[in-house]
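Asker: Here you go, one structure.
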Amino acid sequence: MIFLATSLLYISFACYAFGILSAFCFSLWPTRAILFGYTFATIGSVTGLAAAILFLREPQSQRLELFTAFRFTNAGFEILIDPLAAFFLLIICLGGSLVSIYAIGYSQDYIKQGKNVSLLVAGYNFFFITMLAVVLANNAFMFLVAWELMSLVSYFLVSFEHEKKEVRKAGVIYIVTTHFGTAFITASFLLLFLAAGQNLSFDAFRAGTGAGFSDAARNAVFLLALIGFGTKAGLMPMHFWLPRAHPVAPSHVSALMSGVMIKTAIYGLVRISFDLLGGRTVGAGTSSMVTVGADAGRVLPPSWWGILLLIVGLVSALLGVLYALVEVDLKKLLAFSSIENMGIICLGLGVALIFYSLPLPNAPALTVLALFAAFFHLLNHTVFKSLLFMGAGAVLHATHTRNLEQLGGLIKSMKWTALFFLAGCLAISALPPFNGFISEWLTFQALLGLVSYGPELWHKVIGLLTLGGLSLTGALAATTFIKAFGTGFLAQPRSQAAVHAHEVSKTMRFGLGLAAALTALLGLGAAGVLALLKPALEQWTGAGSSQAVNPLWSLPSSNLANSGNTNVSGGAGNLNLLILLLPLVLIIVGWGIARLLGGKNRRAIDETWACGNTLKPSMEYNSISFIKPLRRVFQFVLLPFREVKITYRIEPYFVERIEYQSGIKSLLNSDTFRLARHFLSYLNTEIKVIQNGSVRLYLSYILVTLLILLVFTR
Amino acid sequence: MPAFLYLTLLPCLPLAFVALGLSRLHLRARQSTVIILAGTIGPVVATVMALVSAFNVFTAGPVVAGEGIFYLDALSALMLAVIALVSLLAVTYSIPYLNREMAHGVITISKLGWYYFWLNLLIPAMYATVIVNSLGITWVLVEATTLVSAPLVGFYGRKESLEATWKYIIIAMVGISFALLGILLTYVASLNNLPESGASLDWTFLLKNAASLDPALMKLAFIFILVGYGTKTGLAPMHTWLPDAHSQSPSPISALLSGALLNCALYGILRFNSLTKSAVGPEFSSGLLIIFGLLSIAFVIPFMIKQIDLKRLLAYSSVEHMGIIVLAVGIGGELGYFAAALHIFNHAIAKAFMFCVAGEVTERYHTRDIRQIRGIVHSAPLLGTFLFAGTLAVTGTPPFNVFVSEFLVITGAFASHNYWAAGLALALLGVIFASMLYHCVAMAFGRANELILPSDGASTVPVHPAMSLPDSSGASGFNLAAPHMPVQVASVSALSGGSSNEELALSGPDASGTWLDRAAFRRARTGLLTLDKPSLAARQTRPPKRRLAVEHIKTKSKSEQTNNRVALLILVLPVLTLLVLGLWVPSFVQDWANQVGAVLR
Amino acid sequence: MGFFEGLARIGFAIIQIGFVLALAPLVQGFIKTLKARRQFRLGPALWQPYYDILKYFSRGEVVSEHTSWISRVTPYLVFGCMAAAAGLLPLFTQAPLAFAADLIFFVYLFGLARVFTVLAGLDSGSAFGGMGSSREMMVAVLVEPGLMLVLFAAALRAGSTNLSDIITRFSSSGFNTFTPSHLLGAAGIAILVVAETGRLPVDNPDTHLELTMIHEGMLLEYSGRSLALMLWATNIKQLLIISLAVNLFVPWGVTASLEPVPILVGLLFYLLKVLGVAAALGLVEMLRPKVRLFKLPVFMLSAFILAFLAVIADNVVR
Amino acid sequence: MDTVKLLDFSALILLFSTGLLVVSRRLELAIGLLAFQSLVLAFISVLVAATTGIEHIYLASILTVLVKVVGATAVLIYVLRKVKMRRETGLMSRGLSLALVVGLILVSYNTIHPIKLANTISSPNSLPVAMSMVLIGLFIMVSRKKALMAVVGLITIENGLFLIALSTTYGMPLLVEFGIFFDVAVGVMLMGFFAFHINTVFETINTDELNRLKG
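Residue numbers (the numbering used here), protein chains in the order written: chain A, 2 to 715; chain B, 4 to 604; chain C, 4 to 321; chain D, 936 to 1150.
The structure is reproduced here in structure tokens:
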């Protein structure tokens, strides 16, 4: 089995490599480059997916030594496939399977534009290799190389349409931000490296973070990792690159970046906080070690790590969704929504980390529950965010605009796309029976567990606030996506582009349909997912800590009734998944009743009532007006502004022209960047005096340096 | 073995005069090949020999040769290898570079001869610097490298290059004088403390007796050495000459200066650092080196952020990298020295490559002004790729080799508990990455013809040689608006063999538009080519921005195309080196770097 | 769960859902009649909502040319959701679908219905529909955190998120249920019931005046059986919300036993409680003017704070 | 008068002449002072050679006379004639210059003071004076505008170095010494050449005009 899985993994890598090769081989025949390149990517993803599932079913870790980069500090390329890595393997390959087929259709447009698509295809395939390398790496050096390569490749993919200034700018902001993030990650790893006796292998990290590792260093590692990975994950306030970079990338790349790539940051966070810094059983030593009970000898992380994650997650979720709410650029909206969803994932992760750090008898079960919430939401987000970005790509493909105010009425011209997009919207709004609901439900349960069992009052307070915040987030997300679907697809087209929209090609529809089907399937089959993820969830809490999986159609909850009892199986708090289908049954009942009471329906088609006028698209509610009340409610965050400029022919009676402008100011707004830029240009102008061309000045530097050294250092 | 050592220096010197002599024979332009060949053979042969010597040293251990005049250990071998590889790149790249410069009429046969004359003096001087035993002779040779490289810096004979040369000579000579003071003091120390054994400046002697040298004197000596050689190495704040000199010289020479010559002065610092450490104890010199290292990294940032001159940008980056090396040495420890050794090599290759890429960009766009260069990936995809690869390599981004050594420097800083230095370095390197990449993206991406320039005056950095004055012995005719000139106003190229000053050959397919009046043209001749003093009217009424058509970047003569291709072909090997060494450092390289580390200790 | 038990449950579910469907218009009629009487009007008949629904069912419908299948599906979907929710809630006995009576699911079912209603409001392109949708979502966003937190407060005290469990636990613990926390929660949900049922001072269910309407705006393009279903669903929702509130916070009478007497007593209690709340709603509607739209956040925030305090009080006092 | 006294006296003369160099406005005077300085240095080297009996120091003194007293002066005078310039204006005031020079001298004394030399015939003053000359030489380069004065400053630095070498080490090993002289000679010639070239191209030898390359 393991052999099979490993071979499949190799095949998967080989396919991506073939994808790159074929892209270059067919660089003169772009159609073929696209076809072969993406087909290889699809095959690679599917085999990788199969490998991941096999690895998850056979949860012993697999190690592969590739080669050593340099002996010193044991920097090398080694692979560890443990359940956590296997889970992220699953995520990446799932994303790949969904998007790659779609990409065949989507990339055709670039041929017409005369772009060098073979580069796109090659980069796309290489992107997978780097992402896989990130999650499989068992060495800090390999991790950093893969991580930075992943950033670089994605940067080049983002900059694919580099003729546009906006794209170039977004790309630079992205790569620079992520580079700084990498610096933090590097620092974090290097602290671990010291603890590990100057060894860069993760195995040594694990061994070295026991008792001898000081609390201060432990906290520093976590904080550095949080900043570093948080930057990649788009957590507030390190998120600013994300809404710029994701929208400008080709849509299938956006789908991958939002759906898959930013998840690797979560991987890094989990890897560091649970695994590398994890509460390993050790001899004796640090202050945070538990001395009694079942956890005796475990070094526990402080629980404020989890609290910090909760706060960061909550802020990201709320602000992310608020900015998504007011966005009119469809892809930007999706990007902001990614920030929101990363926040929600962090909520689950935070709760898991808190319970992981508490020596409670039922902590393992609650850790698993919260971790499941996080992981399942991660999986779900991969599916529905890919779906939505692909949908946005389809719209862009058909109308050449991402602006919601230019769209409308697409449900008639793009029936299938609309249907699939709607599924994505419902899923991301956490509505039953789609998968988003299940993970939101799990997150609620995890948070309720925190409020219920958190020993400190501030655990409860933060838990409650988060519960409220998450509800608010859910409602806002629903509003956001109603807006997106309602103004994008419903009513009359608002521009010529939307009027002339057409349904997209079969390959694109196939990708969309697959993802849409998955949103529903994952919702109904959540218990199966739990069974699959079990090894990944139990990796740090010990086998059997997720006993609640047995009834196939039900999910565990924190089972608040039995405090002190860790058995979360069955019983009162469970959600029966079959019931998700109940509304469907009752829809039919409703139809039956209507038929019964009213006989056969007689339907006449007529105009929409518009107070006697003919309804024009300009009379419709558009996306701005739709969220206007909410924008006003949340004006303390969104800082909306409006400017009305009226020019008169004869004041004040005859108006010649009214200019109206409105928008919001971001909290981390362009003023902040402008400030930074001003500072830089200040540096530029003022400090350049240092190098003003005068040779005498230059000589005086030498003199002064010499004098300083002579006077002070002797 | 010893025979090789002398021979390393030999091939170049006679050929220097051969090249110079040939250029005096009134050859026709076509026959410039002979000169190029004569000038190229020496360095190439020397490269082979130096590499063999270096290999010998690495495998067989340190060598004392030539009755104690020469001494080679792992550090010398590393430097030999660096100089060998960089000079190989420089001389091979010189061929297509100079061919095109000849074709553009920027340089004459006579200049070509001088070029190879000085180049063939510079390369053996550098080799000799790192293999002589006496630190005094090393000083003499470092000084000599300044003197023979100065004419190469001022090669184009423009105002800017003259200025750069002047600053280079003055500052480098002043600095080097201080280094001499440091050497004198070391000598005094050895006289003072070792009266019996007979004082000497020989490295073999000093190394043996370093521990018994007077600490007070050695401290003083090290200060002067650090300031002195630091000036030549380009450590801030003594680096001020470096951006000027490295940006004004022809690109192959820039590559040589940044890649090899800086290391020669660095070599002196490294040697004296070892001495000082055994005499004074490690804290003193380490502290100074860390401070100067960080200062060098920090100092360049404001100049890199809004740099408009491509080659200046790279020159500042050299300052930064010298800072990193010095930082690594200051950090010390097994890791620090290893990293320093690796970084010396990595930086040399990466920077030399990058300067060649810059040369290629300049050859195609006829300007070094970053604001005027757009869309390289469209006009020359391979060159664009190289530009990106080079930028990423130079900024220490995986998968390129500089990443490995920079990572090791930071790792070493952590290992020696210099957390602040490590954090600071990480942050500063991040900023440098940002600014370099910003410029790289600006140049590489976009479309070449989207370039929009204010037409009220070209930049202050227009200066491709093709727009410049010929040297005094050169031609006297001018051709306005040669086809490849991006800015019409500034598109003045010299044609050798033109008839008279007044006879202006106006030609070129897009020579329509506004012509310069004679007065403006004369101004141009006297050096104000770039119209950086636009007329008052022009300044007041800020004319609309002009869209420049750079379509003709692609339309080139056949020989020029060949030269372009050859140049790119030459650059393939270094970029592969950068890539491979970034992912995998072969174990023999590690062994060698370790040996160098042992010497640095 | 055996096969026969399963069948019995299904049968029970059908009965309960049918009961709610049947009762819902009556509550609406009751409130209207009460209001009319209090205003010294004759008012419509108590059974008028039934007549209306029947009448709409038998009429043909007129569909806007701009609408899509969303509009056509929505009435059935909304109705289905409400009916499903009716099966989840324990009224006077255990809920028939008690094993799945999760409160989060319950609330999110309402959410699903709301989303489709709002989409239908946007579908026709009419400005009225858009306006209604826009306002509906605003109110929903404001209500949601408070509602969830109130329910969570109860869940945390009962130790389960299963509505049936919660209510059973509350009703079995007698007067001990009345803690400060409970009262705070009750106050919170009282505010939310008003908002969720779409009544004054939040929404005005009786008018089609664009200045005030929220829910009605979205239904403006509906006619015929679609309208009937939508109205009916609205009535069901109103009843469910009222039932949820009273059963959570006045839990007496909800019995776990299957004996006929307790069930009958429970039914009686239930009807009394529901009619009591309905009467209260009617009274509030008479006494209060509609509040300005942008005053609503304060209104909702108070509910949120009450719920928050409920949990904190619970934890501190305990 | 014994040798040490004589050395001391010569060193002070050197310091004095260097001080004068700092405040001299006339270029010819400056070049003259420089020649004088080199001459004193040659004298010192003869003195040292006579005292120690090391023969190659005689050679050094001859070279000093040839290269610095005759050669450098000739080059400088030639360039001066060519560029037709006599005075420098717009400089730092004499008082301030002198104050700074005094500061530099103090730093030098402070630096050299703690060093105990066992093996020299040097006077107590010669080493600090030499160090002062090095620093003052650099100060001249910093404070004076004309390219010629930069050369003068540089030669002053070299003279300081030479004095140190003489008074502490009886000169360097021969090879090194020749190398140094050769370098100085080539350097001065090169600088003279470039100063001349700059004058033709820029029509000035004011180094402040050389400021096109900045930033």
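Just so you know, even glycine gets a beta-carbon here, dropped at the ideal spot from N, CA and C.
Bear in mind the structure is a predicted one, so any value in this text is a computation, not a measurement.
#1: Can you have a look at D/Ser-1067 and say buried or exposed, based on whether 16 or more other CB atoms are within 10 angstroms of its CB?
#2: Could you work out which residues of chain A lie near D/Leu-1145, taking near to mean beta carbons separated by less than 9 Å?
#3: How many Å lie between B/Ile-300 and B/Val-156 at the Cα?
#4: Does the region 1133 to 1144 of chain D come close enough to the region 686 to 697 of chain A that 3 or more CB-CB pairs lie under 8 Å?
#5: So with Cβ pairs under 7 Å, would you call D/Ile-997 a contact of chain B?
#6: Skipping 5 residues on each side, what residues in its chain have a beta carbon closer than 8 Å to that of B/Phe-306?
#7: Ignore the nearest five residues each way along the sequence and tell me which others in A/Thr-383's own chain have a CB closer than 7 Å to its CB.
#8: Determine the burial state of C/Phe-7: buried for a count of at least 16 other Cβ atoms within 10 Å of its Cβ, exposed for fewer.
#9: Between which two residues does the beta strand (DSSP E) containing A/Phe-71 stretch?
#10: Residues of chain D with CB closer than 8 Å to the CB of A/Ile-703, please, in chain order.
#11: Hey, could you find the ends of the alpha helix (DSSP H) A/Gln-1 is sitting in?
#12: When we look at the beta-carbon of D/His-1048 and count the other beta-carbons within 10 Å, is it buried (16 or more) or exposed?
#13: Taking 8 Å as the threshold, find out whether the region 176 to 191 of chain B comes into contact with the region 1082 to 1097 of chain D through three or more Cβ pairs.
#14: For B/Met-357, which residues in chain D fall below 7 Å Cβ to Cβ?
#15: Quick check on DSSP: helix, strand or coil for A/Ala-138?
#16: Name the chain A residues that come within less than 9 Å of B/Arg-367, Cβ to Cβ?
#17: Under 7 Å between beta-carbons, which chain B residues line up against A/Val-173? List them in chain order, please.
#18: Please confirm whether B/Asp-247 has its beta-carbon closer than 7 Å to some beta-carbon of chain D.
#19: Which residues bound the alpha helix (DSSP H) around B/Ser-193?
#20: Measure the Cβ-Cβ separation of B/Ser-419 and B/Gly-326 and say whether it is below 7 Å.
#21: Alpha carbons only, please: which of D/Leu-955, D/Glu-990, D/Thr-987 and D/Gln-972 is nearest the one belonging to D/Ser-945?
#22: Along chain D, which residues have their Cβ under 7 Å away from the Cβ of A/Leu-700?
#23: Quick check on the DSSP output: the beta strand (DSSP E) that includes A/Ser-663 runs from which residue to which?
#24: To the nearest angstrom, report how far apart D/Lys-940 and D/Ile-979 are at their CA atoms.
#25: Locate the alpha helix (DSSP H) running through A/Ser-496, then write down its first and last residues.
#26: Thinking just about the alpha-carbon of each residue, which of A/Ala-86, A/Ser-28 and A/Val-100 is nearest to the one in A/Ala-517?
#27: Answer yes or no: does any C-beta atom of chain A fall closer than 7 Å to that of C/Ile-107?
#28: Who are the Cβ neighbours of B/Ala-53 in its own chain at under 8 Å, not counting the five residues just before and after it?
#29: Taking the DSSP output, what are the residues bridged to A/Ile-80?
#30: Who are A/Arg-643's beta bridge partners in DSSP?
#31: Using 10 angstroms around the beta-carbon of B/Cys-267, count the other beta-carbons present and answer buried if the total reaches 16, otherwise exposed.
#32: Less than 7 Å between CB atoms is the rule here; does A/Ala-573 satisfy it with respect to chain C?
#33: Could you say if the region 632 to 639 of chain A and the region 480 to 497 of chain A meet the contact criterion of at least three C-beta pairs nearer than 8 Å?
Answerer: Answer, in terms of the structure:
#1: As a first step, residue 1067 of chain D must be located in the fourth sequence, where it is residue number 132. Burial check for D/Ser-1067: the Cβ neighbour count within 10 Å reaches 16 or more, so the residue is buried.
#2: Working through the fourth sequence from its first residue, we reach residue 1145 of chain D at position 210. In chain order: Gly-694, Ser-695 and Val-696.
#3: The residue you call residue 300 of chain B lines up with position 297 of the second sequence. The residue you call residue 156 of chain B lines up with position 153 of the second sequence. Their Cα atoms are separated by approximately 24 Å.
#4: yes
#5: Here residue 997 of chain D corresponds to residue number 62 of the fourth sequence, with the count starting at 1. It does not: the Cβ of D/Ile-997 has no partner Cβ on chain B nearer than 7 Å.
#6: For this step, residue 306 of chain B is matched to residue 303 along the second sequence. Correct list, in chain order: Pro-246, Arg-315 and Tyr-319.
#7: In the first sequence, counting from the first residue as 1, residue 383 of chain A sits at position 382. Same-chain partners within the cutoff: Ile-92, Leu-95, Gly-96, Gly-260, Val-261 and Lys-264.
#8: Residue numbering aside, residue 7 of chain C sits at position 4 when the third sequence is read from its first letter. Classification of C/Phe-7: exposed, given that the 10 Å Cβ count is below 16.
#9: Along the first sequence, read from residue 1 onward, the residue named residue 71 of chain A stands at position 70. Segment 63 to 71, the beta strand (DSSP E) holding A/Phe-71.
#10: In the first sequence, the residue the question calls residue 703 of chain A occupies position 702. Near A/Ile-703 (Cβ distances below 8 Å), the residues of chain D are Leu-1073.
#11: The question about residue 1 of chain A has no answer, for chain A in this structure spans 2 to 715.
#12: What you label residue 1048 of chain D is simply residue 113 of the fourth sequence in a count that begins at 1. Flag for D/His-1048 reads exposed.
#13: The region 176 to 191 of chain B is in contact with the region 1082 to 1097 of chain D.
#14: Here residue 357 of chain B refers to the residue found at position 354 when the second sequence is read from its first residue. Result: empty, since nearest Cβ-Cβ is about 20 Å, beyond 7 Å.
#15: Taking the first residue of the first sequence as 1, we reach residue 138 of chain A at position 137. Three-state result, A/Ala-138: strand.
#16: Stepping through the second sequence from its first residue, residue 367 of chain B is reached at position 364. Near B/Arg-367 there are no residues of chain A at all, since even the closest Cβ is about 18 Å away, more than 9 Å.
#17: As a first step, residue 173 of chain A is located in the first sequence; it is residue number 172 there, counting from the start. Going along chain B in sequence order, the residues near A/Val-173 (Cβ under 7 Å) are Leu-440, Tyr-441 and Val-444.
#18: For this step, residue 247 of chain B is matched to residue 244 along the second sequence. Yes, B/Asp-247 lies at the interface with chain D (some Cβ there is under 7 Å from its Cβ).
#19: Here residue 193 of chain B refers to the residue found at position 190 when the second sequence is read from its first residue. Element bounds for B/Ser-193: 162 to 196.
#20: Locating residue 419 of chain B in the second sequence gives position 416, counting from the first residue. Locating residue 326 of chain B in the second sequence gives position 323, counting from the first residue. Not in contact: B/Ser-419 and B/Gly-326 (Cβ atoms no closer than 7 Å).
#21: Here residue 945 of chain D refers to the residue found at position 10 of the fourth sequence. Among D/Leu-955, D/Glu-990, D/Thr-987 and D/Gln-972, the Cα nearest to that of D/Ser-945 is on D/Gln-972.
#22: Here the question's residue 700 of chain A lines up with position 699 in the first sequence. Those are Leu-1073, Met-1076 and Val-1077, listed as they occur along chain D.
#23: Sequence index remark: in the first sequence, residue 663 of chain A carries index 662 (1-based). From DSSP, the beta strand (DSSP E) with A/Ser-663 extends over 655 to 665.
#24: In the fourth sequence, the residue the question calls residue 940 of chain D occupies position 5. In the fourth sequence, the residue the question calls residue 979 of chain D occupies position 44. Approximately 12 Å between the Cα atoms of the pair.
#25: Stepping through the first sequence from its first residue, residue 496 of chain A is reached at position 495. Unbroken run through A/Ser-496: none, as it is neither H nor E.
#26: Position 516 of the first sequence, counted from the first residue, corresponds to residue 517 of chain A. Per the Cα distances, A/Val-100.
#27: The residue given as residue 107 of chain C occupies position 104 in the third sequence. Interface residue, yes.
#28: Taking the second sequence and counting its residues from 1, one reaches residue 53 of chain B at position 50. Answer for B/Ala-53: Thr-11, Leu-83, Ala-84, Ile-86, Ala-87 and Tyr-130, listed in chain order.
#29: Locating residue 80 of chain A in the first sequence gives position 79, where the first residue counts as 1. Per DSSP, A/Leu-65 and A/Ala-138.
#30: Counting from one through the first sequence, the residue named residue 643 of chain A turns up at place 642. DSSP output for A/Arg-643 lists A/Ser-663 as bridge partner(s).
#31: Here residue 267 of chain B is taken as the residue at index 264 of the second sequence, counted from 1. Label assigned to B/Cys-267: buried.
#32: For the purposes of this step, residue 573 of chain A is identified with residue 572 of the first sequence, where counting begins at 1. Low confidence applies to A/Ala-573: its pLDDT is 38, below 50, so where it sits in the model is not reliable enough to give any reading.
#33: no
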